[in-house]
Every structure is written in structure tokens, then in C-alpha cells.
């Protein structure tokens, strides 16, 4: 019997892929409509994404097969959804991030900041969180975590080293890194000696307590890196893939939204939220893993100075190994800063950007996008040499000259570019388009109309909670891809600003802290050892609710982001014609007025 179950478990993915489509077949057979066929495809893809019976990118290709065969969309129309402007933005941003990683610019920044902040326990955690969050804004969360954790553990090794023989010979008491300084022993007078005194801890007990404190600090440092990588990714549009999924879905479902979600507008909304979440996480990690002795946590004691100096020396030595900054690093830094400046000034909203001034159509609308800028900088990196222009001799062959490689080469892009994410993004856009063409979006909206009586804040809170739980078990990209089209339909049915429900979904999907499988940063931190699932779950009990407050009511904070977009009450109620209004209240008024007008007609 046990062998039978083992065999079923070994072949579970094959069984899921074979039986799942058959199990769901009654839906399109009993309800032979386009809406049911589209729902069949979405449910099938959702279950395959949750179980990962097929690779996520392979599952994302199913609309190319299912939609034409079910009469929902033609194959050529479906295929067009797989490479949109959002995909181009992702590709361009990743190319720039790969150039930063290739020349170790991210490591230089990280080590330099740690040298400035120092290695005192609380400040060390804060330093790693700030550096990780900043790097995660521009490069992938996974790459940031993979780079920062080895540095963190190298510092921990120095902090936890035992005293050297020289220290013992000289009579210096240099204990291993302690978070709580032991109280100085006081002399007891004769009267005190006559009284009962509590037994002092034995050396073995002190050693056990010391090891326990070291383990707790090591766990806290590992978790602070993976958590801040996830938190930092929400600050920029290219920081994490769900942000790009939101932009693509908004542009697809509401094509006349006026480019409300761009790099500058997203940064203005998400960066303050990221700072708040980062500070809350730092305070919670310090309390949970360092205790309440803030004086010792900030290194005001005297016992651990030698260990702090040793840890500081590790960081300084790693920084010194990088050598002086070279031409390639300077060039990548310049191009990276130029990219960010161009992103911010293309269409900032509060003044006319260069996109509208230099590259506009007859209506004054910018013909460029954030993807245009990202690809421009990436192409320049393929052109600029990594050394000061000039020919150098090839090593081992003095007679043959060789030009230096460019800042970015195609071999690096080919090996490190996550092409599966590009396909996954396209699969999400194809699903959204299929829902619209089949009428499933309208059907869902009609069925969700009773929610109109529920307060919008309560709806947003419930969405945050639902997504936070769901994303612990499946990819955050798959989560946003599945839920955003549904939430867009719901928002129109109950006259709520679409961003009011789509933004919490996007942000909550990026903040999964409970399980190692929830995000790649969690898995990397867990693989380094010293962590148990219970440790992550305990820490996340306070971490998980944090996004619900800042993100449960995002539209009010979004006023500067959409303030220039006017409400259009006379437009059709069809969702692809609705523009994003200036506020949630104005949008609701416009929605109700439009429904009333068409109801009278």
C-alpha cells in the first residue's frame, strides 16, 4: 500500500495534467457559451499555476491553444497579447539590471553603505535592510537576496568568533557576540554571605544561552534581508513583476486611462509606503530577535567592541577586494542615473515632460513610453566599451589586438534574462483580453453587483487579506494575473475606482513572508540554514498585517497620481471606454450617473 502511494506521489504532476482538464470538462459541456469556455481556461490555468504541475511559462501558453479552439479569439489576436509595451519595459529594465550586476556595482554600493552605518546589532539590521531594499528597487529581488546573504553571514562569522589564544594569554575577557551585557558581579559582605544566594550559571549554561542569542540574531539578519528585498521591490514600477502586471492590465482593460500608471506616478505612491513598511519591519525584527535592551542593541556597551571591529574589517576587506572604481562602473552608473532621470521626467504629471514636448502626436500625447527609455539605455550599453576606448593586446598573443567587450553583451542577457517572466506576463494579458472578448468580464461584473452596498474600505481590506493568503501558496505574478481582471470587472459593477481594488491586490501579492516557497528571497534565506518554517511563520504574524493598513485605502493617497484625469460621465458604460477619474468619489458619481442615463434610455 505504501509503495502504491509513493508511486502516485512520484507521478502526481503527470496525473494532475492528465485528469484536471477532464475533471473540469462538464463546465463548457453543460454551459456551451463563450463565457463558460473562457472560465474553463482560466480555472484550468489557475489550478496548474497553483500546483505547478507544468512550468508557469508553459501554462501561460494555454490561451494560444484554448481560445482559438473555443471560438473566443483568433490565434493571431491572442499572439499579439504576448509582447506588449509592458513586456518591453521589463526586458529593458532587466538588461540594465544585468549590466549593474555584471560589473558588481550593486555590491560596491552595498558594502559602502554598510561601512557608513556600522555593525552594531540594531544598526547592522537596519543597514542590511536599507541596502537590500534600495537594490531591490532596481534589480531583481532574487539577485539582491543572493548577493546580500553571503555578506551577512560573513559578518556574522566574525561577530560570533570565540576569543583568540592571544586574548586569553593577555587576560582580556573578550566573549563571543552578546546581545545582553551581563551585570557586573558585586562583592558580597559577610552579612550577604550568610543569606541564601541564587546559584550562578555554570559555564555550560552560559555557553548555551550565548549560542541561543547568536542563533536568534542570525535568524533575524537572514529574515531582514529576504523581507526587505520583497518590500523594496514595490517602490518602483520595474522593482517586481506584479507592478508591471498591474500596468499592463490597466492599459489593456482601460486603454483610454491617460497612462495613469507610469514610473513617476507609481514611485510617488509606492515609495512612501515602502519606507513605512521597512521601518515597521525593522522595529518588529529588532523586538523579536534582539529584545528590548535598546542600549545594548545600539552598541552602547563595551564588551563586544572587538567583535564589531572584526566584523567591520570583513566588510572593509570585501570592499577593498573590489579595487578602485573603473571605467565600466562609472559608465554603468551614469547610464543608470540617466535612465532614472528620463523615467521621472518623461511624463511626471505636474509639469510637461520631455515626452510631450519632443515626441508628441497631433493631439499632444507622448508617443514614447517607459519601455522606450529602458530599451534606449540598454542598447547604449551594448555599444559603449567597458574600458576607455582604445585597442589592447590579447593576453598570450602579443601580436594580436583585441577590442574590450561592451558594458553589456548578448551572452550575458541570453543566460541571465528570465524569459519565462516575459511569457508569463503575456499569458496574463491574453487572459484579460479573452475575458473581455468572451463577455466573461461583464458576466462577473453583473454577478458582483450586490457588493455595491459594502463599504469600499472593507472590500479593499478583504482583498488584501485574500491575496496575502493566496500568494503564500502560488507565484505572485500568477496571483496578480488571475485576480486583476476579476477585480477590474468587480470595480465597474459596484462603481468603485478600479485602482482602489487593483492596487491593494498588486502590493499584497508582493509581500509574502510566511512560507519559504512564497517567494524566491524567502527560499534563499531558508536554504542558508538556521531557519525553520515556524520561525518564519511566527515573524510573519505581525509582518503580514502591515500592508493592510497602508494599502487598504490606496486611492485617497493616489490623488496626485490621477489628479489630472477628468471624469467622463457621458461615455459608454463599457469598461474599455471608462477613464480613470480624479478621485474615488468622482469616479463613483460618474459611474452611477452613466448607469442612470443608460437605464433611462
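Numbering (UniProt numbering), first residue to last: 1 to 601.
C-beta: ideal position from N, C-alpha, C; glycine also.
In this text, all values refer to a predicted model and were calculated from it rather than measured experimentally.
Given residue i, which residues of its chain have a CB within under 7 Å of its CB, disregarding the five upstream and five downstream residues?
i           : result
residue 106 : 100, 135, 139, 147
residue 521 : 141, 142, 145, 226, 229, 230
residue 72  : 34, 37, 38, 434, 437, 438
residue 125 : 220, 221, 224, 282, 285, 286
residue 493 : 445, 446, 448, 449
residue 333 : 105
residue 383 : 406
residue 68  : 74, 75, 78
residue 338 : 377
residue 93  : 238, 374
residue 261 : 246, 247, 250
residue 157 : none
residue 103 : 328, 329, 332
residue 28  : 36, 37, 40
residue 270 : 234, 235
Just to confirm my understanding: we take residue i, look at its own chain, exclude 5 residues before and 5 after, and list those with CB closer than 6 Å. What are they?
i           : result
residue 60  : 423, 424, 427
residue 85  : 369, 371
residue 517 : none
residue 241 : 421, 477
residue 471 : 479, 509, 512
residue 506 : 242, 246, 480
residue 498 : 488, 491
residue 89  : 370, 371, 374
residue 360 : 366
Name the DSSP bridge partner or partners of residue i?
i           : result
residue 385 : 406
residue 366 : 360
Could you give the distance in angstroms between the alpha-carbon of residue i and the alpha-carbon of residue j?
i           : j           : result
residue 217 : residue 108 : 25 Å
residue 467 : residue 485 : 14 Å
residue 313 : residue 121 : 16 Å
residue 512 : residue 481 : 16 Å
residue 58  : residue 419 : 12 Å
residue 10  : residue 97  : 38 Å
residue 110 : residue 320 : 13 Å
residue 531 : residue 233 : 23 Å
residue 264 : residue 354 : 13 Å
residue 44  : residue 431 : 12 Å
residue 276 : residue 429 : 32 Å
residue 455 : residue 463 : 13 Å
residue 575 : residue 515 : Note on residue 575: pLDDT 42, under 50, position unreliable in the model; no value is reported.
residue 346 : residue 356 : 8 Å
residue 279 : residue 127 : 12 Å
residue 113 : residue 4   : 56 Å
residue 364 : residue 83  : 26 Å
residue 309 : residue 322 : 20 Å
residue 386 : residue 49  : 41 Å
residue 536 : residue 465 : 18 Å
residue 183 : residue 290 : Legend: pLDDT at residue 183 = 42, less than 50; position of this residue unreliable, value from coordinates given subsequently. Using only the alpha carbons, I get a separation of about 17 Å.
residue 252 : residue 267 : 21 Å
residue 457 : residue 408 : 47 Å
residue 403 : residue 381 : 15 Å
residue 26  : residue 42  : 15 Å
residue 528 : residue 150 : 9 Å
residue 525 : residue 214 : 17 Å
residue 342 : residue 7   : 56 Å
residue 87  : residue 80  : 12 Å
residue 20  : residue 348 : 47 Å
residue 23  : residue 31  : 15 Å
residue 351 : residue 539 : 43 Å
CB-CB under 8 Å to residue i, same chain, minus the five flanking residues each way: which ones, in chain order?
i           : result
residue 327 : 386, 387, 388
residue 344 : 263, 264, 267
residue 133 : 228, 229, 231, 232, 235, 274, 278
### Query
Is the stretch 52-68 touching the stretch 11-27, taking contact as three or more C-beta pairs under 8 Å?
yes
#### Entry: the stretch 310-328 in contact with the stretch 232-247 per 3-pair CB rule at 8 Å
no
### Message
In chain order, what are the residue ranges of uninterrupted alpha helix (DSSP H) at least 4 long that sit wholly in the stretch 86-171?
### Response
105-117, 121-136, 141-159, 165-169
### Message
With three or more beta-carbon pairs closer than 8 Å as the criterion, would you say the stretch 441-451 touches the stretch 484-498?
### Response
yes
### Task
Check whether the stretch 402-413 touches the stretch 63-78, counting contact only when three or more Cβ pairs, one atom from each stretch, lie closer than 8 Å.
no
### Message
I'd like the ranges of any beta strand (DSSP E) spanning at least 3 consecutive residues and lying wholly in the stretch 260-341.
### Response
Segments of the beta strand (DSSP E) lying fully in the stretch 260-341: there are none.
### Task
Starting from the N-terminal side, write out each stretch of the alpha helix (DSSP H) that is 4 residues or longer and does not extend beyond the stretch 9-38.
12-24, 26-30
### Task
Enumerate, from N- to C-terminal direction, the unbroken alpha helix (DSSP H) stretches of 4 or more residues contained entirely within the stretch 467-552.
Segments of the alpha helix (DSSP H) lying fully in the stretch 467-552: 476-493, 498-510, 520-527, 533-543, 548-551.
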